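Enquirer:
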Amino acid sequence: AAAREKPGWEARWARVAEECSSKQGLVLSATDALLAHVACVSEVLRRPDGALEEAWEARLRAVPLQLLLGKHPSPDPRVDVDLAIQVLRRSSKGEIDPMLGAMGLEPLERGSRALLLSAPHYGCACTVLDAQMHAPRRAGEQPQPLYH
1 AAAREKPGWE ARWARVAEEC SSKQGLVLSA TDALLAHVAC VSEVLRRPDG ALEEAWEARL
61 RAVPLQLLLG KHPSPDPRVD VDLAIQVLRR SSKGEIDPML GAMGLEPLER GSRALLLSAP
121 HYGCACTVLD AQMHAPRRAG EQPQPLYH
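The opening residue of the sequence shown carries number 1 in the working numbering; numbering runs sequentially from there.
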């Protein structure tokens, strides 16, 4: 409540600092630095032509500059976007990506039960219909679904 009473910059800083403290356990020191306004990637999409495209959140987030990293010091290979794009490109050609095995992952077999973690069916249970991802056969033609 106190953050809403302060004008402009101070109010915005107070809201962000309070959110960082309550949701992330981070205590921000006082600073004159600006807040960076960033758009986060929400998902990586495959266009009908097989190309991959990042989908960005519409709302910009205010992030204190002292929380931004030039490079992640200890990236998790399971959430590496470049690696994910590489895997998707190989699987669209019908190849099994060797990186999956290196990460201890295997393609799901036909009939496997899975939980979707991407829009628009986030959180829904499904059954795998095809073990490989593939690009559309002809321009404008939709690929067969991979799950139902």
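Cβ coordinates follow ideal geometry from the N, Cα and C atoms, glycine included.
What you are looking at is a predicted structure, and each value in this text was computed from that prediction instead of being measured.
#1: Measure the beta-carbon distance from residue 41 to residue 54 and round it to whole angstroms, keeping in mind my assumption that it falls under 8 Å.
#2: Return the Cβ separation of residue 63 and residue 38 in integer angstroms, given the expectation that the two are a contact with Cβ distance under 8 Å.
#3: Which of the three DSSP states, helix, strand or coil, is assigned to residue 18?
#4: Candidates 128, 120, 111 and 129: which alpha carbon is nearest residue 44's?
#5: Alpha carbons only, please: which of 48, 29 and 73 is nearest the one belonging to residue 66?
#6: Looking at the structure shown, is residue 58 part of a helix, part of a strand, or coil, going by DSSP?
#7: Given this structure, state the Cα-to-Cα distance separating residue 110 from residue 128, to the nearest angstrom.
#8: Does DSSP put residue 45 in a helix, a strand or coil?
#9: Out of 49, 112, 36 and 10, which one is the CA nearest neighbour of residue 60?
#10: Can you tell me where the beta strand (DSSP E) with residue 126 in it begins and where it stops?
#11: CA-CA distance, residue 10 and residue 125?
#12: I need the straight-line Cα distance from residue 24 to residue 70, nearest angstrom please.
#13: Work out the CA separation of residue 123 and residue 57 for me, nearest whole Å.
Expert: Taking the coordinates as given:
#1: 5 Å
#2: 6 Å
#3: helix
#4: 120
#5: 29
#6: coil
#7: 5 Å
#8: strand
#9: 36
#10: 125 to 127
#11: 45 Å
#12: 20 Å
#13: 19 Å
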